[in-house]
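Report on the following structure.
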Amino acid sequence: MDRSSLKPRLLGASLITVLIASACGGASSGTAPPSGGPSAPAAPVPASTGTPPGPTASGVAATPGATSSTPPDPASPAPSTDGGSPLPSQDATAATWTRLADGGGPEARSDHTWSVDDQGVYAYLFGGLAQTGALDDLWRLDLASGGWERLDPAGDRPAARFGHVGVWAPGVGLVVWSGQAGSTFFDDIWAFEPGAGSWPRLPDAGDRPAARYGSCGAIDAQGRLWVSHGFTDSGRFDDTRVYDFTSESWSAVATVGEVPIKRCLHDCLWSADGRFLLYAGQTNGEPALGDLWALDPATSTWSREPRAAPEPRQLYAVATVGGAAVVFGGADADRTKLDTSYLLDLTTLAWSPLDPTSERPSGRSGATLIADPARERLLLFGGIDDEAAQDDLWEMRIGG
14 MDRSSLKPRL LGASLITVLI ASACGGASSG TAPPSGGPSA PAAPVPASTG
64 TPPGPTASGV AATPGATSST PPDPASPAPS TDGGSPLPSQ DATAATWTRL
114 ADGGGPEARS DHTWSVDDQG VYAYLFGGLA QTGALDDLWR LDLASGGWER
164 LDPAGDRPAA RFGHVGVWAP GVGLVVWSGQ AGSTFFDDIW AFEPGAGSWP
214 RLPDAGDRPA ARYGSCGAID AQGRLWVSHG FTDSGRFDDT RVYDFTSESW
264 SAVATVGEVP IKRCLHDCLW SADGRFLLYA GQTNGEPALG DLWALDPATS
314 TWSREPRAAP EPRQLYAVAT VGGAAVVFGG ADADRTKLDT SYLLDLTTLA
364 WSPLDPTSER PSGRSGATLI ADPARERLLL FGGIDDEAAQ DDLWEMRIGG
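Structure, rendered in structure tokens:
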């Protein structure tokens, strides 16, 4: 891959840290759940500090047996905290960061979502966790002018939440699924339709996933939403499910053989050859993982990629860019906030470091990264560093 010609394409600190860490990174405790359910639970989630779900919210308090069932556990490997052998520094690609003007945009937050529409005109930011608790606000950034606009759709809308999945589905709109607010976990799926200015809740027939937080989601070539893994206060998951927007129903992927260990605070995306990739995150007793897995939809089998990889991390930001993915930040096994960034070739699945040639964003977790293809850049918003949640906006350009 010619890295010199990469072009983007679509695809209170203490309070916030405690909420996220206890939600997915606490020590194991309690009785192990039945086979096929979530893994051993983490530390209890604190009482809600955010907006409680309203009468139209579809959240459920996650208790064993209260959500849809999961398939029997396939073989699950030991957790991988080894990011692989060190990446060669001579393969580094230059990356230039520029902080853009602040003001007029969303308040400081982390664990939100930010998704670009299929025309590359607007980027929609929803929810997240602020010093005051979970958020339910919806913002739109005009990628050409750089102006923010807060949207206030009429009617029902998703309850305040963080750690949800947010993706743009062509022909559907901004899709939001799952998440958490206080002690409530969600299993609902919503779609914001910009033309109609409304937030309809989508039907969710079929084998729907259990309510959870810290999962991941990606849209496939057929326009379906794939989700995998995640967490509730009864433990973590290792299932993979698919939502079809035409039939408005879920189906479970019956994988064969070894699967990635149960985890949360990871992300997923698609390889160039159509495999569903899952990277890093955290699991019981391991605050940060460093493994990369690929699920082949044709065979329903997972395979672990053996190549050298970045240091383990969780709650990082990721976006696709010219046949590759860019990963920034996150937190390591010591919960140290990272300011490093890496490039993953989506054809070879080989990693290489990005070498910042200018000031960069502070180390942080829970930020979001998007691609802006028309302006040949990526944009980073928010997250939480060692001081507090942030509301800063950064531009990244890769290569010469």
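Numbering (our numbering), first residue to last: 14 to 413.
The beta-carbon is built from N, C-alpha and C at its ideal position, and this holds for glycine as well.
Residue burial classification, residue i (beta-carbon count within 10 angstroms, cutoff 16)
i: arginine 317; result: exposed
i: serine 228; result: buried
i: serine 313; result: exposed
i: glycine 210; result: exposed
i: aspartate 7; result: The requested residue 7 is not part of the displayed model; the chain covers only 14 to 413.
i: alanine 218; result: exposed
i: glycine 186; result: buried
i: aspartate 345; result: buried
i: glutamine 235; result: exposed
i: glutamate 261; result: exposed
i: aspartate 291; result: First, the residue type needs correcting, since residue 291 is leucine and not aspartate in the sequence shown. Label assigned to leucine 291: buried.
i: proline 176; result: Looking at the sequence provided, one finds glycine at residue 176 rather than proline. When all chains shown are included, glycine 176 counts as buried.
i: leucine 113; result: exposed
i: tryptophan 155; result: Strictly speaking, residue 155 in this sequence is aspartate, with tryptophan absent from that position. Answer is exposed; the Cβ neighbour count stays below 16.
i: glycine 379; result: buried
i: threonine 126; result: buried
i: proline 222; result: buried
i: isoleucine 411; result: buried
Between the CA atoms of residue j and residue i - distance to the nearest angstrom
i: serine 354; j: phenylalanine 198; result: 31 Å
i: arginine 373; j: aspartate 220; result: 44 Å
i: leucine 215; j: tryptophan 203; result: 5 Å
i: leucine 238; j: isoleucine 232; result: 5 Å
i: leucine 357; j: leucine 382; result: 15 Å
i: alanine 1; j: alanine 167; result: The question about residue 1 has no answer here: the residues shown for the chain are numbered 14 through 413.
i: serine 196; j: threonine 370; result: 43 Å
i: valine 266; j: leucine 308; result: 10 Å
i: valine 189; j: proline 171; result: 8 Å
i: proline 386; j: glycine 133; result: 7 Å
i: alanine 169; j: lysine 275; result: Correcting the residue identity first, residue 169 is aspartate in this sequence and not alanine. Cα-Cα distance, rounded: 33 Å.
i: leucine 151; j: serine 284; result: 30 Å
i: glycine 336; j: threonine 360; result: 7 Å
i: serine 375; j: lysine 350; result: 8 Å
i: leucine 367; j: threonine 106; result: 5 Å
i: tryptophan 110; j: glycine 270; result: 42 Å
i: glycine 208; j: arginine 320; result: 44 Å
i: alanine 402; j: glycine 342; result: 14 Å
i: aspartate 404; j: alanine 194; result: 20 Å
i: serine 82; j: alanine 363; result: With a pLDDT of 34 at serine 82, under the threshold of 50, the predicted position of this residue should be treated as unreliable, though the coordinate-derived value follows. Distance between the alpha carbons of serine 82 and alanine 363: 36 Å.
i: glutamate 389; j: valine 334; result: 9 Å
i: aspartate 146; j: arginine 122; result: It is worth fixing the name first, because residue 146 is glycine in this sequence and not aspartate. Each residue's Cα considered, the two are about 9 Å apart.
Supposed contact pair residue j and residue i - C-beta distance, whole angstroms, cut 8 Å
i: glycine 287; j: proline 310; result: 7 Å
i: serine 191; j: glycine 248; result: Not confirmed; about 15 Å, so no contact.
i: leucine 302; j: alanine 322; result: Not a contact, Cβ separation roughly 10 Å.
i: phenylalanine 293; j: tyrosine 329; result: For clarity, residue 293 is alanine in the given sequence; the question names phenylalanine instead. Alanine 293 to tyrosine 329, Cβ: 7 Å. Contact.
i: leucine 406; j: leucine 392; result: 7 Å
Self-check item: 4 or more residues per run - each alpha helix (DSSP H) lying fully within the stretch 298-362
Solution: The stretch 298-362 contains no complete alpha helix (DSSP H) run of 4 or more residues.
Quiz item: Given 8 Å as the limit, is there contact between the stretch 109-117 and the stretch 152-172, that is, 3 or more CB pairs closer than that?
Solution: Short answer: they touch.
Self-check item: Complete runs of the beta strand (DSSP E) confined to the stretch 167-212 [at least 3 residues]
Solution: DSSP runs (the beta strand (DSSP E)) wholly in the stretch 167-212: 178-182, 186-190, 197-199, 202-205.
Practice problem: Mind listing, in chain order, the continuous beta strand (DSSP E) runs of no fewer than 3 residues lying wholly within the stretch 378-411? | Solution: Listed in chain order, they are 381-385, 390-394, 406-411.
Exercise. Evaluate the contact criterion for the stretch 288-298 versus the stretch 389-400: three or more CB pairs, one atom per stretch, below 8 Å.
Key: No contact exists between the stretch 288-298 and the stretch 389-400.
Quiz item: Along the chain, which unbroken stretches of the beta strand (DSSP E) at least 3 residues long are found entirely within the stretch 98-156?
Solution: The stretch 98-156 contains these whole beta strand (DSSP E) runs: 106-112, 126-129, 135-143, 146-155.
Quiz item: Which runs of the beta strand (DSSP E) spanning at least 3 residues fall entirely within the stretch 209-242, listed in chain order?
Solution: Look at the stretch 209-242 and you find these whole runs of beta strand (DSSP E), each 3 residues long or longer: 229-232.
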